[in-house]
Amino acid sequence: MDPGRERRELLGRLISSQVHVELLTAFHSNPSLMESLEGLANKIGRSREEVEKALEDLKDVGLIEEHRYYRLNMGRDKELQGILVEPYGGLDEQVEAAPRVSFNSGVEVLDGLLPDGIPIPSSILILSDPMAGGEVLGFQIVGEALRNGRRVLYLTADRSPREVKRFVKHLGYDVDFYHQGRRLIFLDCYSPRIGLESGEEYSEDPFNFPNLSMTLAGLIRDLKADQSGDLLVMIHSLTTILEGSELRPALEFYRNISGKLESAGAVTFTHLNRAAFPAAVIAAVEDVADGVIELKIEETVEGINYYARIPKMIFIRHETRWTPYRLDVEKGLIP
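Using the working numbering, you'd call the opening residue of the sequence shown number 39 and step up by one each time.
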């Protein structure tokens, strides 16, 4: 069977319902979990019948083992992760493609991985381990975009706009100047999420996808770039959106808004916690994106090491090998 088709069929089986996703997430968050059918049903708040049906599907692909209790087959899980999250070519090669319209981010670590720049327009996923600096990379990208004359729309669901401005300012960017001049516009999804009134012109519940889509569509029209690439969008984060809603509506929202932003000539960066979801969910999100920036940490006796790579980037040469970087308190990600 064609590997691409095999991957699509496997992915479809693993996330065919929200119950499948919730079971995978439960086992992913605790790989040593061993639980009865009734215990699993209680754990995820679903009926016994729903859970039993989903478990049979997961057993069929060898991911779940049943003895007296259900448990994750960690060997098979690792094998499936290799199929699902490494579909874009070898890990130790530089992928080449024909040049297209692009720009340099101004962030040295990122530009070193993308010698021909970031494609315009595009939808790019920042897939990061916790504490690997994914959010900091986003702040750097935003600061450099503003410094180089681009407009930025920042959808924030994880922090208040005030906090975002504080962190970007800490990295040396005059963010208040750009905010006052409407070069930086926030769509505040954080305040409605925690029950506070927003001080921003635009705010929306991050889990009300119809309203959020309409608000974003209106902003896209108002901010439509004079030329492709003038508008940069930062979505922080898809992790919060996925954790607070069912997978399929959240994925559909991400797919639709990515398409609308690309049609408007925007470059969109979306954050996702690399450790928060099972491989099938990560793979489904990666399939929507044009490119993936991946950050990870490795703990050693000497301390924490940081690595970045680009496993996927449409139409642009990109470095797939893990490349070390440093995380500096004052400067952000540096080589």
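The C-beta atom is built at its ideal place from N, Cα and C for all residues, glycine as well.
Just so it is clear, the structure is predicted and the values come from calculations on it, not from any experiment.
Identity of the residue in the options nearest residue i by Cα
| i | options | result |
| --- | --- | --- |
| Tyr345 | Val319, Ile372, Asp325 and Arg197 | Ile372 |
| Gly83 | Gly370, Glu104, Lys97 and Val59 | Val59 |
| Val213 | Lys369, Glu182, Arg231 and Tyr108 | Glu182 |
| Val139 | Asp149, Ala314, Val147 and Ile158 | Ile158 |
| Ile273 | Ile223, Lys91, Gly267 and Leu61 | Ile223 |
| Glu200 | Ile164, Tyr228, Arg220 and Ile179 | Inspection of the sequence shows that residue 200 is occupied by Arg rather than by Glu. For Arg200, the nearest C-alpha among the options comes from Tyr228. |
| Asn246 | Leu261, Val271, Ile258 and Thr278 | Thr278 |
| Glu368 | Val330, Pro349 and Gly171 | Gly171 |
| Arg312 | Leu163, Thr306, Asp260 and Arg185 | Leu163 |
| Leu101 | Asp268, Glu90, Gly113 and Met169 | Gly113 |
| Thr63 | Thr361, Ile320, Glu76 and Glu332 | Ile320 |
| Glu242 | Leu225, Leu257 and Gly256 | Leu225 |
| Ser54 | Arg45, Leu122 and Ala92 | Ala92 |
| Arg221 | Pro244, Leu257, Ser198 and Leu61 | Leu257 |
| Asp328 | Phe315, Glu281, Leu280 and Ile348 | Ile348 |
Backbone CA spacing between residue i and residue j [nearest angstrom]
| i | j | result |
| --- | --- | --- |
| Pro248 | Gly303 | 22 angstroms |
| Phe205 | Ser166 | 18 angstroms |
| Ala322 | Leu49 | 7 angstroms |
| Arg109 | Glu88 | 17 angstroms |
| Leu193 | Leu52 | 30 angstroms |
| His208 | Tyr240 | 24 angstroms |
| Tyr363 | Asn343 | 8 angstroms |
| Leu365 | Ser85 | 46 angstroms |
| Arg43 | Lys203 | 44 angstroms |
| Leu191 | Leu270 | 6 angstroms |
| Ser251 | Leu299 | 11 angstroms |
| Glu238 | Glu47 | 44 angstroms |
| Phe65 | Leu276 | 21 angstroms |
| Ser296 | Leu184 | 21 angstroms |
| Leu78 | Gly267 | 47 angstroms |
| Phe353 | Glu94 | 40 angstroms |
| Arg45 | Leu61 | 20 angstroms |
| Glu324 | Glu90 | 29 angstroms |
Residues sharing a beta bridge with residue i, DSSP
| i | result |
| --- | --- |
| Ser283 | Answer is none; Ser283 lacks a bridge partner. |
| Pro157 | Ser140 |
| Phe307 | Ile162 and Met272 |
| Met72 | Arg109 |
| Leu333 | Ser166 and Ala346 |
| Pro316 | According to DSSP, which records beta bridges pairwise, Pro316 is partnered with nothing at all. |
| Arg364 | Ile372 |
Neighbour-count burial assignment, residue i, 16 or more Cβ in a 10 Å radius
| i | result |
| --- | --- |
| Leu234 | exposed |
| Phe215 | exposed |
| Gly370 | buried |
| Ala136 | Unreliable placement is indicated for Ala136, whose pLDDT of 46 sits below 50; the coordinate value is still reported in the next sentence. Looking at its Cβ environment, which holds fewer than 16 other Cβ atoms inside 10 Å, Ala136 is exposed. |
| Asn80 | exposed |
| Gln218 | exposed |
| Asp98 | exposed |
| Arg231 | buried |
| Lys116 | exposed |
| Glu131 | Confidence at Glu131 is low in this model, with a pLDDT of 40, below 50, so the placement of that residue is unreliable and no value is reported for it. |
| Lys350 | buried |
| Val168 | The displayed chain sequence assigns Pro, not Val, to residue 168. Its Cβ having fewer than 16 others within 10 Å, Pro168 is exposed. |
| Arg259 | exposed |
Min CB distance residue i to chain D below 8 angstroms
| i | result |
| --- | --- |
| Val89 | Absent from the structure: chain D. Only one protein chain is present. |
* Asked: Taking three-plus beta-carbon pairs below 8 angstroms as touching, is the segment 66-81 in contact with the segment 331-339?
  -> no
* Would you check if there are 3 or more beta carbon pairs closer than 8 angstroms linking the segment 143-152 to the segment 284-292? => no
* Between the segment 348-362 and the segment 148-155, do three or more beta carbon pairs fall short of 8 angstroms? -> yes
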